[in-house]
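Peer 1: Here you go, one structure.
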Amino acid sequence: MQVSLPITHPESAAEFTANESRAHWHDQALWFVRVKRDRAARTLNEWEALRALASQIKSHTMSRLGDYLEQFEAQATRRGAIVHWARNADEHNQIVLDILKKHNVHRVAKSKSMLTEECHLNPFLEQHDVTVVDTDLGEWIVQLRQEPPSHIVMPAIHIKKEEVGALFHKHLNTEAGATDATYLAYAARQKLRDVFLAAEAGITGVNFAIAETGGFVVCTNEGNADLGVSLNKLHIACMGIEKLIPRASDLGVFLRLLGRSATGQPITAYSSHFHGPIPGGELHIVLVDNGRSQILDSDEFRGALKCIRCGACMNTCPVYRRSGGHSYHSTIPGPIGSILHPARDAAQHATLPFACSLCASCTDVCPVKINLHEQLLILRSVIAGRKLLSGSKRLAMRLTSFVFQRPRLYAFLGGVGRRVMSIMPRWLVYNRFNPWGRQREMPPTPRQSFRELYRQRRGKDRA
Amino acid sequence: MPRVGLFIPCYIDQLYPDVGLATVEVLERCGQQVEFPEQQTCCGQPMANTGCTADARPVAELFVRTFAPYDYVVCPSGSCVAMVRQHYHEFFHDDPTYLALRKKTFELTEYLVDVLGLTGWQGRFPYRVGLHQSCHGLRELRLASSSEVVGPSYSKTRQLLGSLDGIEIVTLERPDECCGFGGTFSVNEEAVSCMMGLDRIADHQRATAQVLTAVDMSCLMHLEGLIRRQRTPLAVMHVAQILAGRAVPNVTATTAAGANG
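Protein chains in written order, with the working numbering: chain A, 1166 to 1628; chain G, 9 to 269.
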């Protein structure tokens, strides 16, 4: 009996792969990005040195995060920003709402921020009579479809242009059946222009916050963050506390890695620096913990906080590519999400560390050298240790271990198993309880094992 | 003459005995004196990969006891060697017996190239061969350069195979994509696992491979299972079998055996 867990990846993944052509299309779209990343990485001879350096900078930052956060707060405040601290998602949402209310804001232009997704800020603000429009094109598409992003860098990568055409026809009154990307993007641009002009406040995420200067950097390819916060006087920047880097001079290392790892671009089209509010405006920075200090405290998973959210691990992950981002049922899908979510809430996300063939491609692709596949393996033992594995799996492993500790029993049972398998009728082997056999033939059942053949061979040698 | 302990993974012992025999023959052709310690069973990877550390530990202890006396341990599976070399730490930490064993445990082609210093292999294999780079051998043992890492390109297995007379190693679109086996992943995430396997096979077919090979029989077991079900005209051989000079299994014969249901 499968113990019923809140959310399971295998079932959602099976649903996604059932539409074979779609799953293949998804796989190929992401593989295309992965190949672009490879080419871009290879243009830099110092790529591996950059990765090592970035990893070291982030490790160092995490080792004294408290100090750097205080330094950042002091410097940001000195530059006129107002710094807020939120322990969890609720506090974060309330802080943002309070700021908006104080300024009597009802329309917000928001640029991409996975943190606000994590905190479910949009539905919270909508409940309080604030209209939020995601101005990143991909984010806006998923917002119009009323679904979460399926990728952190390419939120709408799971949606085909025909579907975008239909969606825009419904919401933006574009021509029915339009699939031309330029036409659709232009229509979105026109409509978003109204959003930017009407907005009374802009919310952005943060890619890198610099402790030394108290400034921060937002990277986009569409310039939507800049428009969203430049046309009005109120800018709220929401950031996880792990976004910090110590010095302005560290920034170049990360900007070179981010664009290349994410999309194969040398650098994102816009890397916008914010140091204090615009004249006459207000800049609020909300620093959010929401489980991060719990991960920071753990020796095994602390390294996951180095993540710069480039999405390269998703693009390379053969499981993510074929199961789609939504199958992870988490704000951050793919390998890094399969660590960050269970590391905070193992019970809720118990199947995610198993949604991985341990191919380790994520570890090799990660620009900050997070040992992703090793952490996923450790998480599995955490989940087993907390008795979150199914009973059948636990029992199977206990029995297997019992047999493997007894060489003669193992050899005997192996022989019995092979003999039984070889005489079993096909219908008894291939049934719905045998997931191996649904699409695959069972391995052969040789009459003799290696150890038997080896013994015979030795006997002959001696004779 | 160093004593070489032969480490034959449980599933090779039980299901693919010829891969074990081919390994013995390859090593003996290099003048190695091999011994198969019979009390070996398994490295413990199935339990460890499922997170059942407590169940894996005693199996790992048996492994270390069994193989500690040898000068070298050689195994025709990158994944099982990676288990011993990369993942036994949590059981043994800095135990000197383990640390010594760790240094002398090798995957077969790695042993031939790195320890015996071979640069090629004598033999004839006039086929178009697709080399599936098994992930654990690739990214945990670094038997070859992985496509993600920027640096010189190399492959110890390819170096040996490539020197065979008449062989043509075909070029794959995705040189080191995972086959989708992944131990219990293959059952736990059956849908994704099989899609990955079929994609892997399709890549070899597009490259017009006649034989699909790897240093890991576990990947091959999964791929062969799909190949037989789909009746794909592609033979499957372990690298040890190619090096030992085994004939290519008849593709049509394999297909017929899979069709009796």
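Beta carbons are placed, not taken as given, at the ideal position from N, Cα and C, and that holds for glycine.
May I have the straight-line CA-CA distance separating A:Ser1186 from A:Cys1531, to the nearest angstrom?
Peer 2: 29 Å
Peer 1: For A:Cys1475, decide whether its Cβ has a neighbour in chain G, counting only Cβ atoms nearer than 8 Å.
Peer 2: Chain G contact via Cβ: absent.
Peer 1: Within 10 angstroms of its Cβ, does A:Ile1497 collect 16 or more other Cβ (buried), or is it exposed?
Peer 2: buried
Peer 1: Tell me whether G:His246 is buried or exposed, calling it buried when 16 or more other Cβ atoms sit within 10 Å of its Cβ.
Peer 2: buried
Peer 1: Any idea if A:Ala1434 is buried or exposed, counting beta-carbon neighbours within 10 angstroms, 16 or more meaning buried?
Peer 2: exposed
Peer 1: By Cβ distance, which residues of its chain are closer than 7 Å to G:Pro160, with the 5 residues on each side in sequence left out?
Peer 2: A distance below 7 Å between beta-carbons, with the five flanking residues on each side excluded, links G:Pro160 to the following residues of its chain, in chain order: Ser153.
Peer 1: Is the beta carbon of G:Gln22 closer than 8 Å to that of A:Ser1587?
Peer 2: no
Peer 1: Counting only the same chain and skipping the five closest in sequence on each side, list residues whose C-beta sits under 7 Å from that of A:Leu1537.
Peer 2: These residues qualify, in order along the chain: Cys1478, Pro1500, Ile1501, Ile1504, Cys1527, Thr1528 and Cys1531.
Peer 1: Under 8 Å between C-beta atoms, does G:Val259 make it to chain A?
Peer 2: The predicted model places G:Val259 with a pLDDT of 48, which falls under 50 and marks its position as unreliable, so this point remains unresolved.
Peer 1: Report all residues from its chain with a CB closer than 7 Å to the CB of A:Leu1218; omit the five preceding and five following residues, and keep chain order.
Peer 2: Val1418
Peer 1: Among the residues of its own chain, which have a CB less than 7 Å from the CB of G:Ile235, if the five just before and after it don't count?
Peer 2: Ile209, Leu242 and Val244
Peer 1: Out of A:Arg1467, A:Leu1554 and A:Cys1284, which has the shortest C-alpha to C-alpha gap to A:His1514?
Peer 2: A:Leu1554
Peer 1: Taking only beta-carbon positions, decide if G:Thr240 is within less than 8 Å of chain A.
Peer 2: no
Peer 1: Return the CA-CA distance between A:Ala1413 and A:Glu1304, expressed in angstroms with no decimal places.
Peer 2: 29 Å
Peer 1: Grab me the residues of G:Phe75's own chain with a C-beta within less than 8 Å of its C-beta, minus the 5 sequence neighbours each way, in chain order.
Peer 2: Gly13, Phe15, Pro45, Gln48, Val81, Leu109 and Thr113
Peer 1: Any contact between the stretch 1429-1446 of chain A and the stretch 1393-1403 of chain A? By contact I mean 3 or more CB pairs, one from each, below 8 Å.
Peer 2: The stretch 1429-1446 of chain A, when compared against the stretch 1393-1403 of chain A, does touch it at the 8 Å Cβ threshold.
Peer 1: Could you check whether the Cβ of G:Val72 sits closer than 8 Å to any Cβ belonging to chain A?
Peer 2: no
Peer 1: Counting only beta-carbon atoms, is A:Met1562 nearer than 8 Å to chain G?
Peer 2: It does: the Cβ of A:Met1562 has a partner Cβ on chain G nearer than 8 Å.
Peer 1: Can you check whether the C-beta of A:Tyr1348 is within less than 8 Å of a C-beta belonging to chain G?
Peer 2: Under the 8 Å criterion on CB atoms, A:Tyr1348 is classed as non-interfacial with respect to chain G.
Peer 1: Would you mind telling me which residues of chain G sit closer than 9 Å to A:Asp1203, beta carbon to beta carbon, in chain order?
Peer 2: Ser155, Glu156 and Val158
Peer 1: Label A:Trp1212 either buried or exposed according to how many other C-beta atoms from any shown protein chain fall within 10 Å of its C-beta, with 16 as the threshold for buried.
Peer 2: buried
Peer 1: Starting from G:Gln22, trace the alpha helix (DSSP H) in both directions and tell me its first and last residue.
Peer 2: From DSSP, the alpha helix (DSSP H) with G:Gln22 extends over Cys18 to Leu23.
Peer 1: What residue range is occupied by the uninterrupted beta strand (DSSP E) comprising A:Arg1272?
Peer 2: Looking at the DSSP string, the run of the beta strand (DSSP E) that includes A:Arg1272 is Arg1272 to Lys1275.
Peer 1: Quick one, which of A:Val1581, A:Ile1260, A:Pro1507 and A:Arg1591 has its alpha-carbon nearest A:Arg1551's?
Peer 2: A:Pro1507
Peer 1: Using DSSP's beta-bridge definition, name the partner residues of G:Asp173.
Peer 2: G:Arg132
Peer 1: Please state the DSSP three-state secondary structure of A:Arg1310.
Peer 2: coil
Peer 1: Could you check the C-alpha separation between A:Gly1370 and G:Asn57 for me, to the nearest Å?
Peer 2: Approximately 37 Å between the Cα atoms of the pair.
Peer 1: Which residue's Cα is closest to the Cα of G:Leu180: G:Gln213, G:Leu146 and G:Pro77?
Peer 2: Comparing alpha carbon positions, the residue from G:Gln213, G:Leu146 and G:Pro77 closest to G:Leu180 is G:Gln213.
Peer 1: Using a Cβ-Cβ cutoff of less than 8 Å, which residues in the same chain neighbour G:Thr105 once the five nearest sequence positions on both sides are dropped?
Peer 2: Val72 and Ala76
Peer 1: Between which two residues does the alpha helix (DSSP H) containing A:Ala1217 stretch?
Peer 2: Trp1212 to Ser1228
Peer 1: Under 7 Å between beta-carbons, which chain G residues line up against A:Val1530? List them in chain order, please.
Peer 2: Glu156
Peer 1: Just checking: is the beta-carbon of A:Ser1169 within a distance shorter than 8 Å of some beta-carbon in chain G?
Peer 2: With a pLDDT of 45 at A:Ser1169, under the threshold of 50, the modelled position of this residue cannot be trusted; read the value that follows with caution. A:Ser1169 does not count as touching chain G.
Peer 1: Of all the options A:Ala1520, A:Leu1618, A:Gly1456 and A:Lys1201, which has the alpha carbon lying nearest to the alpha carbon of A:Ala1251?
Peer 2: A:Gly1456
Peer 1: Would you list the one or two residues that DSSP bridges to G:Arg11?
Peer 2: G:Arg11 is bridged to G:Gln41.
Peer 1: Should the stretch 1441-1450 of chain A be called in touch with the stretch 1235-1251 of chain A, which here means at least 3 C-beta pairs below 8 Å?
Peer 2: yes
Peer 1: Buried or exposed: where does G:Ser85 fall if 16 or more other Cβ atoms within 10 Å of its Cβ makes it buried?
Peer 2: Classification of G:Ser85: buried, given that the 10 Å Cβ count is 16 or more.
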